[in-house]
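The numbering of the sequence shown is the working numbering, which starts it at 11 and goes up by one. All C-beta atoms, glycine included, are put in the ideal place defined by N, C-alpha and C. These figures come from a predicted structure and were not determined experimentally. Read through the structure below, which is laid out as structure tokens, and then see the notes.
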Amino acid sequence: MQQEKIDAIKSEIAATDAQNADELEAYRMKYISKKSVVGELFAEMRNIPNEEKKAYGQLINEVKVLAEEKFQELIDKVNNSQKQSKSQDIDLTLPPTNVGVGGIHPLTATRQRIIEIFERIGFNLSEGPEIEDDWHNFTALNFPENHPAREMQDTFFIEKNPDIALRTHTSSVQVRVMENQKPPIRTLSPGRVYRNEAISARAHCIFHQVEGLYVDENVGFADLKNTLYHFAKEMFGKETKVRFRPSYFPFTEPSAEIDISCQLCGGSGCNVCKGTGWVEIGGSGMVDPNVLENCGIDSKKYTGFAFGMGIERIAMLKYQIKDLRLFTENDVRFLKQFRPML
Ligand code: 2NL
Numbered sequence: 011m012q013q014e015k016i017d018a019i020k021s022e023i024a025a026t027d028a029q030n031a032d033e034l035e036a037y038r039m040k041y042i043s044k045k046s047v048v049g050e051l052f053a054e055m056r057n058i059p060n061e062e063k064k065a066y067g068q069l070i071n072e073v074k075v076l077a078e079e080k081f082q083e084l085i086d087k088v089n090n091s092q093k094q095s096k097s098q099d100i101d102l103t104l105p106p107t108n109v110g111v112g113g114i115h116p117l118t119a120t121r122q123r124i125i126e127i128f129e130r131i132g133f134n135l136s137e138g139p140e141i142e143d144d145w146h147n148f149t150a151l152n153f154p155e156n157h158p159a160r161e162m163q164d165t166f167f168i169e170k171n172p173d174i175a176l177r178t179h180t181s182s183v184q185v186r187v188m189e190n191q192k193p194p195i196r197t198l199s200p201g202r203v204y205r206n207e208a209i210s211a212r213a214h215c216i217f218h219q220v221e222g223l224y225v226d227e228n229v230g231f232a233d234l235k236n237t238l239y240h241f242a243k244e245m246f247g248k249e250t251k252v253r254f255r256p257s258y259f260p261f262t263e264p265s266a267e268i269d270i271s272c273q274l275c276g277g278s279g280c281n282v283c284k285g286t287g288w289v290e291i292g293g294s295g296m297v298d299p300n301v302l303e304n305c306g307i308d309s310k311k312y313t314g315f316a317f318g319m320g321i322e323r324i325a326m327l328k329y330q331i332k333d334l335r336l337f338t339e340n341d342v343r344f345l346k347q348f349r350p351m352l
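Right under this line is the structure:
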């Protein structure tokens, strides 16, 4: 009699299924809780004759274990099917989640701005090789045979052929332009340059330069000053003052260093300008007649001016960046700060 009842409950349990939390709860009420059919089997114990109690106890324990195992099985099943239906419920028409928009590297932004300023006053762009020969990097530019810049500590030469080197400035590009084009020439040469320097906050073996060259009839020093005056105000703001300081370069005569009023203190003196109120942004000068002749341009008919600036230096002044190494470390904490410049 009891045996039949127990077998019936066992097969009922085995046949039970659950699709969701409600059906799980119904199962729990029916087979697990105190008032469940299994609970009733335990309550029945007191009506069982003493000599049968042991066998009955074993039987109902089996039912209890079976009911609990099935319960766990059903819980797992419902959980899994919920996970699955979640992944099937993806709405492909929803807009994507924000994956984070990249920014423009400060050097790229600075280079683009410099190009924009000069393009508007008639300069085009020119490019040349980063691996140069001695002629384009030094000799055509009036560097004497024994000039210190040619020495090993400044230039990366190819050991087996010292006629080949990594360019130390983009003037080599402008030599190539003059060799291949006739005046008027108004060109801007941005690019990577290399010097054999110990890496520090202020020096790097790779950096970026932009050089400008203007060759035509009747180009004078006033044109040079006005062009760079215009550039400084466009780049750093209308309040910026410009100063030209006599200097020396092998390829220009006369030559001048270009200073602007300090961006940080406005000229009153601080530690960025070392109390002078001025910071250097580059060099310039009238192209030496020897250089024009070296490139096949008649120096009696044509004159020209040229200038060169470090892009890192301009970016450091504009954004108050204190260490040159930040440009190449690619630390996102640094790069993220330039995101709004998109
Ligand atoms: C500096 C100085 C300068 C030039 C670059 C140049 C190019 C040719 C002929 C003559 Cl093809 N000059 N470029 C002229 C004066 C200065 O750069 O301090 N650069 C970072």
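Asked, Found
"Considering only the alpha carbon of each residue, which of Leu-302, Phe-348 and Ile-19 lies closest to Tyr-224?", "Leu-302"
"When a residue counts only if its C-beta is closer than 7 Å to some heavy atom of ligand 1, which residues count, in chain order?", "Leu-151, His-179, Ser-181, Gln-184, Val-185, Met-188, Gln-219, Glu-221, Leu-223, Phe-259, Phe-261, Thr-262, Ser-265, Gly-292, Gly-293, Ser-294, Gly-295, Val-297, Asp-298, Val-301, Ala-316, Phe-317, Gly-318, Met-319 and Gly-320"
"Can you give, in chain order, each stretch of the alpha helix (DSSP H) that sits fully within the stretch 252-328 and has at least 4 residues?", "299-304"
"Within 8 Å, do at least three Cβ pairs link the stretch 261-272 to the stretch 287-302?", "yes"
"Please report how far the alpha carbon of Ser-21 lies from the alpha carbon of Leu-102, in whole angstroms.", "44 Å"
"Does Pro-200 come out as helix, strand or coil in the three-state DSSP assignment?", "strand"
"Would DSSP call Asn-71 helix, strand or coil?", "helix"
"Give me the residue from Ser-43, Asn-304 and Ser-181 with the minimum Cα distance to Leu-135.", "Ser-181"
"Have a look at the DSSP bridge pairing and note the partners of Ile-195.", "Val-225"
"Could you check the C-alpha separation between Asn-257 and Pro-105 for me, to the nearest Å?", "The amino acid at residue 257 is misidentified as Asn; the sequence shows Ser. Those two C-alpha atoms are separated by around 59 Å."
"Using only the alpha-carbon positions, how far apart do Pro-139 and Pro-116 sit?", "24 Å"
"If you follow the beta strand (DSSP E) that Ala-36 is part of, which residue opens it and which one closes it?", "Counting along the chain, Ala-36 falls outside any beta strand (DSSP E), though it belongs to the alpha helix (DSSP H) covering 31-41."
"Grouping DSSP H, G and I as helix and E and B as strand, with all else coil, what is Asp-333?", "coil"
"Just checking my contact of Ile-209 with Leu-238 at CB under 8 Å: how many whole Å lie between their CB atoms?", "So it is not a contact: roughly 30 Å between Cβ atoms."
"Looking at Tyr-41 and Ala-77, is the spacing between their C-beta atoms short of 7 Å?", "yes"
"Keeping to the same chain, check which residues put their C-beta closer than 7 Å to that of Ser-43; ignore five residues upstream and five downstream.", "Gly-49"
"Rounded to a whole number of angstroms, what is the C-alpha to C-alpha distance between Val-88 and Phe-52?", "29 Å"
"By DSSP, does His-115 sit in helix, in strand, or in coil?", "coil"
"Report buried or exposed for Pro-158, applying the criterion of at least 16 other Cβ atoms within 10 angstroms of its Cβ.", "exposed"
"The beta strand (DSSP E) that contains Leu-176, what's its start and end?", "171-176"
"Taking the alpha-carbon positions, what's the Lys-74 to Ile-100 distance?", "40 Å"
"Check whether the Cβ atoms of Val-203 and His-240 sit closer than 7 Å, and answer yes or no.", "no"
"Lys-328: which of Gln-273, Val-342, Phe-315 and Glu-290 sits nearest, CA to CA?", "Gln-273"
"For my contact list, Thr-26 and Lys-80 are in at a C-beta cut-off of 8 Å; report their separation, rounded to the angstrom.", "7 Å"
"Buried or exposed, going by whether 16 or more other CB atoms sit within 10 Å of the CB of Pro-184?", "Looking at the sequence shown, residue 184 is not Pro but Gln. Counting Cβ neighbours within 10 Å, Gln-184 comes out buried, since at least 16 surround it."
"To the nearest angstrom, how far is it from the Cα of Leu-334 to the Cα of Met-326?", "8 Å"
"What are the boundary residues of the alpha helix (DSSP H) that Asp-341 is part of?", "Element bounds for Asp-341: n/a, residue is neither H nor E."
"Does the Cβ of Ile-131 have 16 or more other Cβ atoms within 10 Å, making it buried, or fewer, making it exposed?", "exposed"
"Quick one: grab the DSSP three-state call for Asn-108.", "coil"
"In terms of DSSP beta bridges, what is Phe-217 paired with?", "Val-203"
"For Ile-168, count neighbouring Cβ atoms within 10 angstroms of its own Cβ and tell me buried if that reaches 16, exposed if not.", "exposed"
"Establish whether the CB of Leu-238 and some CB of chain D are separated by less than 7 Å.", "Absent here is chain D; the protein component of the structure consists of one chain."
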